[in-house]
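If you're matching positions, the sequence shown starts at 1 in UniProt numbering and goes up one per residue.
Comments concern the structure below.
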Amino acid sequence: MKFMKLGSKPDQFQNDGDNIRYVATELATDLIINVGDVKFYLHKFPLLSKSSHLQKLVGNANEENDEIRIDDIPGGPTALEICAKFCYGMVATLNAYNVVAARCAAEYLEMHEAVEKGNLIYKIDVFLTSSIFRSWKDSIILLQITRSHLPWSEELKIVSHCLDSIASKASIEPSRVDWSYTYNRKKLMSGNEQDPLWNGVRQQQTVPKDWWVEELCELQIDLYKRVISTIRAKGRVSADVIGDSLQAYVSRRLPGFSKGTIRGGDTLKYRYLVETITELLPTEMNSAPCSFLLKLLQASFVLGCGELGRRELMQKIALQLGEATVADFLIRSPNGEMALYNIDIVYDLVEQFVMQEHSDCSLDPKFNDMYPGFPSDAAKENVATFVDSYLAEAARDASLPLSRFLDLAAMVSSFPRQTHDRIYRAIDMFLKEHPEISKSDKKKMCRLMDCRKLSGEACAHVVQNERLPLRVVMQVLFFEHSRAAGGGSDHTMSIKALLPGGSYGSSRSGTTNTDDDWEGEQTSEEIKSLKAELASLRLKNGGGGAEKGGARGAKMVAKMWSNENSGSDTSGSLEESRSTPSRSSRRRPLS
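Here is the structure:
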């Protein structure tokens, strides 16, 4: 820490109790200065020779009573004592912790150059410029101290000089950072540690580009906001580093934020914090990870933040929805609601993503510069994969309404997917947790799934899944049998034309997918559940051969297909078929 010593004479200030200060000299004091409850017994000459304000006060005082009051002096008794020691020429040490009080008090006492050359204001300004503002840590300490001396510190531009000093240092090239800083963040990798000796010379430690982030977390939110705004105004720090800083700050300042559970406390304080961080978010794409934005959104709901801030957050998350993970979105529903997870948030975010194709009317103008255009097919595929996987998790909640499941799935039903295994997994999980669902609702759910895009393992699971409508099983069997008989991909279009509505079937390749292929496309949770059910069914049914199973499947398909085309009610035909002996063939796995 930088410091400056004023004066050279021994310190002769002494205390008499808690409320009396005096100078221990043989010369009797002739001036009493009151600051609050504290009395200073001093001498007129050394003080009046350097303070224009004290000259005026003493001149206006009663000649019989040389006692004045300056209760409004910034910094209080401590600051006055520093100024008085300077007037006496006694030793006084200035540093980042007390220099603001001394500077404001000197301004109050009007200790200018016009009163005496080399006065206290001049000396403090030189110290600030040459030492404090050149030090990274001292500038941060000084900025924190200025809050206790408003409005003086603001009017004297101490705050603005601190902001500029901190922002300038944060904006410098990391390779030019030659001062100490605190960096304990988890992202500090071994590559940033000191390199070993090379040719007898120790290489310098690599300075990370976000080296300044951690120490700014010590600032109060109002000062932090001004620092970040000043850094951004200089335009030399990338948006992702700004995002790192915001994430580090709110994680430090908002209890429970990192774990996604906001703890009790000062609601107004935390609400202002979240609203401020939201306001400071850069508009550039991917400047903050989607997981952080989601936690911020969750906190805004819990703390009752303003609607405008939440809307902007949701628009930003929607633009990055393709990078979302299911774990980030498993947000608990508010107290009092039946559903376990808050699916409404996910629905609103997906809706925002879908509306990007009409961005001229749906997006806030502030996002125009960051918006890359209509969502690409790759982004749509990522979002569809995310929604399918999310629904598979949300479907475990027995209180999840069917309408919310269908609404969310329908929004991405037209999005491209390489496989429909995940949406099948979600449908199957919902049916498993909601056994009371009606036949018509089952059909609605199965319309979300394109059997042509199920993998071989998924098709085998469908054939033996008694929770599904028989019509879906029939379509899978018919397609697989026809593909096996045709032995070529040219048969795909004819099957598509034969199927009702042209919307069911499977595009599975002629070569049976191996377990490794299946696992390569699924998450560990999906493969574990599907394979467990499949293995259980196989154990029950014994080991029927592929040819035998295929023959039985063909017979059942033929019977079902004739019923479908007989003109009778579809649901009735299917239900009648359930009671026939052919049901046993459906319980054998397809190989």
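Here a beta-carbon is modelled for each residue, glycine too, at the ideal position from N, C-alpha and C.
Beta-carbon gap between residue i and residue j smaller than 8 Å
| i | j | result |
| --- | --- | --- |
| A96 | M1 | yes |
| D397 | I423 | no |
| A318 | F292 | no |
| V274 | C305 | yes |
| A61 | I68 | yes |
| A239 | E284 | yes |
| L280 | L246 | yes |
| I140 | E26 | no |
| L57 | L143 | no |
| E457 | A395 | no |
| C290 | Q315 | no |
| F3 | L94 | yes |
| residue 592 | V326 | Nothing about residue 592 can be reported from this structure: the residues present for the chain run from 1 to 591 only. |
For residue i: DSSP bridge partner residues
| i | result |
| --- | --- |
| T93 | K5 |
| E67 | I32 |
| Q14 | Y22 |
| K39 | I20, N34 |
| R332 | Y341 |
Nearest-angstrom beta carbon gap, residue j and residue i [assumed within contact, 8 Å]
| i | j | result |
| --- | --- | --- |
| I242 | T276 | About 14 Å; that fails the 8 Å criterion. |
| L216 | V207 | Contact doesn't hold; Cβ gap of about 16 Å is too wide. |
| L254 | Y270 | 6 Å |
| Q14 | A24 | 5 Å |
| K442 | P469 | 5 Å |
| M90 | Q12 | 6 Å |
| N431 | L408 | Here residue 431 turns out to be Leu, not Asn, going by the sequence shown. At roughly 16 Å, the Cβ-Cβ gap does not stay under 8 Å, so L431 and L408 are not in contact. |
| K50 | V115 | 6 Å |
| A170 | I132 | About 17 Å separates the two Cβ atoms, so there is no contact after all. |
| R417 | K439 | With 8 Å as the limit, R417 and K439 do not qualify as a contact, their Cβ atoms being about 26 Å apart. |
| D428 | S455 | Not quite, the Cβ-Cβ distance comes to about 14 Å (not below 8 Å), so this is no contact. |
| N98 | I82 | 7 Å |
Cβ neighbours of residue i in the same chain (closer than 6 Å, five flanking residues each side left out)
| i | result |
| --- | --- |
| P500 | Reliability of the predicted coordinates at P500 is poor, the pLDDT of 39 falling under 50, and no value is obtained from them. |
| G322 | A379, N382, V383 |
| T182 | E214, E215 |
| T278 | G309, L313 |
| W179 | W136 |
| L48 | L54, Q55 |
| E113 | N119, Y122 |
| S165 | F133, S139 |
| T511 | For T511, the predicted structure reports a pLDDT of 32, less than 50, and the residue's modelled location is therefore unreliable. A value from the coordinates is still provided. Contacts found: none. |
Own chain partners of residue i with C-beta closer than 7 Å, once the 5 adjacent residues on each side are dropped
| i | result |
| --- | --- |
| D30 | H43, K44, D66 |
| T146 | V100, S153, I158, V159, C162 |
| L330 | Y341, E393 |
| W211 | P174, V177, Y181, Y183 |
| A288 | G243, L246, Q247, L281 |
| H149 | P74, G75, V100, A101, C104 |
| K548 | Unreliable positioning characterises K548 in this predicted model, as indicated by a pLDDT of 44, which lies under 50. The coordinate reading is nonetheless provided below. Excluding residues within five positions, none has a Cβ falling inside 7 Å. |
Best match in the options for proximity to residue i [C-alpha to C-alpha]
| i | options | result |
| --- | --- | --- |
| A84 | F415, Y22, D450, L297 | Y22 |
| Y272 | L303, S258, Y249 | L303 |
| I262 | S229, P10, Q298, I231 | Q298 |
| H481 | C459, K39, M429, L406 | C459 |
| P77 | Y41, T325, S49, F301 | Y41 |
| S168 | K39, H149, V237, P151 | V237 |
| S414 | D377, L120, I82, E113 | D377 |
| K117 | N98, S52, D138 | S52 |
| D348 | R404, K234, N119, P435 | R404 |
| S300 | P151, V326, I345, A233 | I345 |
| P435 | S399, T419, P151 | S399 |
| V412 | R425, T385, T419 | T385 |
Sequence-distant residues of the same chain with beta carbon closer than 8 Å to residue i, five excluded per side
| i | result |
| --- | --- |
| I73 | V35, A79, L80, A105, Y108, L109 |
| A410 | L448 |
| G7 | K85, F86, Y88, G89, M90, V91, A92 |
| I32 | K39, F40, Y41, L42, D66, E67, I68 |
| L406 | K444, M445, L448 |
| P10 | M90, V91 |
Residue i Cβ short of 7 Å to the ligand ATP heavy atom set
| i | result |
| --- | --- |
| L31 | Of ligands this structure carries none, so the ligand ATP is not represented either. |
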